[in-house]
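Read the structure below first, then the notes.
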Amino acid sequence: MGLAKNFGKTLRRVSRFFYRFPKVMRRSGRVEVSLLWRNSGCKYACHTACRDRVSLDCHPAASAVSQDQLNNNNTPPHDVQKERELRTEFSREEIRQKIEQYNMLTKDHLKMTLNPTGVYTGFIKVQMDLRRPVTVRGGQRGAGGVRGEEAFYLPRGVTNTLHISSNNTVRQVIVALLSKFTVADNPAKYALYKRYRREEQVYVCKLADGEQPLFLRLVAGPEDDTLSFVLREQQTGEVMWDAFSIPELRNFLRILDKEEDEQKEAVIRRYQAYRQRLLEAQREVRGSS
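Under the working numbering, the first residue of the sequence shown is numbered -16, with each subsequent residue one higher.
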C-alpha cells in the first residue's frame, strides 16, 4: 500500500515537472512566454495568443465533434470537395482510376502500382522535424565488440522517401523511418503529421496510428503543396511514460529534488528576514517606551 502511494506521488511530481515548463514563442523580434490552449474537439494545442489565428480541420476519426462545430459553422454546410477528401474507402475500380490519374500527374518516377489483390504500393516523402537529440545504434565498439549507442541531433528539414503499401499504417511508417536511421528510441516518442494547404492557409494535423499514409497520398495527389508528411516528437501534452528509460526518469526526480531544496531554502530565507525585521521592530517599540 505504501509503495503504491509513493509511486502515485512520484508520478504526479514528474507530471507537474513537464507542465511547469513555459512555452516560448517569438513575435516581432521579442520572445514571449505564453500558456497553451487545447481545443476540446481534438488533441491539437497552441499558444493562447495564437488561438484566434488557428483554423482546425482535423480528421473526423480524431473526434466525434464535427468540423463545422469546431469552426463555429464558418465552413459551407455542403463542401463537396471536403467530403470527397474525407472518404476513407473506394472501390477497386475507383482506386485503379485514381492511381492512373496520380501516375499521369507525378513529375518524378515515384509512381504507384496496383497489385491483382487490390493492394497498391507507392512512395511517400517524410520530412524530419525533430527538435531533440535521438539515440542511434552503431557507435564505437565497446567491451566484447558490441557496438554502443550515441545521441546526436538529426538535421532538421531532411526529407526521406519510403516505399510502402496501402496496408501500412502510420505506426509502421514511424518504425520504418527510425529503423532507416538506426534510431534506438521508442517509436511512441514520435508522431506523424500531415501538412496541407487550403485557401492560402497551411494546416498541420497529427495522424492517428491506424491511418494509412499511402491512401492519403493517393487521394491528395502527388503535389507536396497539397499534402506532405512530417515526423515530429509527440506534442499531445500527454507524458508517454513507457517511452522513457529508468535513468531518464531518475534524472527527472533528481531535478525535482533540487527544485524542492531550492524552494525550501527560499522559504527559510524569507522567514528569517521577516523574523529579523519583527525583532527589530519589537526592540524599537521597547526602546521608545
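Glycine included, C-beta positions come from ideal geometry on N, C-alpha and C.
N-terminal and C-terminal residue of the beta strand (DSSP E) that V187 is part of: By one-based count along the sequence shown, residue 187 stands at place 204. V187 -> beta strand (DSSP E) spans Q184 to K189.
Distance, Q246 Cα to P170 Cα: Start at 1 with the first residue of the sequence shown, and residue 170 comes out as number 187. Start at 1 with the first residue of the sequence shown, and residue 246 comes out as number 263. If I take the Cα positions, the gap works out to 36 angstroms.
R180, DSSP secondary structure in three states: Taking the first residue of the sequence shown as 1, we reach residue 180 at position 197. Here R180 sits in strand by DSSP.
Three-way DSSP call (helix, strand, coil) for K108 in this model: Counting from one through the sequence shown, the residue named residue 108 turns up at place 125. Three-state DSSP puts K108 in a strand.
Own chain, CB closer than 6 angstroms to N143, minus 5 neighbours either side, in chain order: Locating residue 143 in the sequence shown gives position 160, where the first residue counts as 1. Counting only Cβ-Cβ distances below 6 angstroms, and skipping sequence neighbours, we find V109.
Rounded distance between the beta-carbons of R114 and A167, thought under 8 angstroms: To locate residue 167, count along the sequence shown from 1; it is residue 184. To locate residue 114, count along the sequence shown from 1; it is residue 131. Not confirmed; about 18 angstroms, so no contact.
CB contact flag (L236, Y85, <7 angstroms): By one-based count along the sequence shown, residue 236 stands at place 253. By one-based count along the sequence shown, residue 85 stands at place 102. No, the Cβ-Cβ distance between L236 and Y85 is not below 7 angstroms.
S162 - DSSP class collapsed to helix/strand/coil: As a working note, residue 162 is residue 179 in the sequence shown. S162 falls in the helix class under three-state DSSP.
Which of helix, strand or coil DSSP assigns to S211: Here residue 211 refers to the residue found at position 228 of the sequence shown. Note: S211 maps to strand in three-state DSSP.
Spatially closest choice to G105 from C188, D240, I251 and Q195, by CA coordinates: Position 122 of the sequence shown, counted from the first residue, corresponds to residue 105. Nearest option by C-alpha distance: Q195.
Under 7 angstroms between C-beta atoms of V187 and R178: The residue labelled residue 187 in the question sits at position 204 within the sequence shown. The residue labelled residue 178 in the question sits at position 195 within the sequence shown. Yes.
Cβ neighbour criterion (16 or more within 10 Å) applied to P249: In the sequence shown, residue 249 corresponds to position 266, counting from 1. Looking at the sequence itself, residue 249 is Ala, so the reference to Pro does not match. A249 should be labelled exposed.
Three-state secondary structure assigned by DSSP to R139: Here residue 139 corresponds to residue number 156 of the sequence shown, with the count starting at 1. R139: coil per DSSP, three-state reduction.
Cutoff 7 angstroms; reference A159; Cβ partners in own chain excluding five residues on either side: Against the sequence shown, residue 159 aligns to sequence position 176. Closer than 7 angstroms at Cβ, skipping near neighbours: L145.
Closer than 6 angstroms: L232 CB and nearest the ligand GTP heavy atom: Absent from the structure shown: the ligand GTP. Ligands present: none.
When Q259, G204, L161 and D91 are compared against R215, the one with the closest alpha-carbon: Against the sequence shown, residue 215 aligns to sequence position 232. Comparing Cα positions, the closest option is L161.
Cα-Cα separation, I273 to R266: The requested residue 273 is not part of the displayed model; the chain covers only -16 to 272.
7 angstroms Cβ cutoff met for D112 and R139: As a first step, residue 112 must be located in the sequence shown, where it is residue number 129. As a first step, residue 139 must be located in the sequence shown, where it is residue number 156. Against a cut-off of 7 angstroms, the Cβ pair of R139 and D112 comes out as a contact.
Nearest-angstrom Cα separation, counted from L232 out to Y254: On the sequence shown, residue 254 is found 271 positions in, with the first residue counted as 1. On the sequence shown, residue 232 is found 249 positions in, with the first residue counted as 1. Approximately 33 angstroms between the Cα atoms of the pair.
Per-residue DSSP class, three states only, for L113: Reading the sequence shown from its first residue, position 130 is the one you call residue 113. Correct three-state label for L113: coil.
I157 and L197 closer than 7 angstroms at C-beta: The residue given as residue 157 occupies position 174 in the sequence shown. The residue given as residue 197 occupies position 214 in the sequence shown. Contact flag unset, no.
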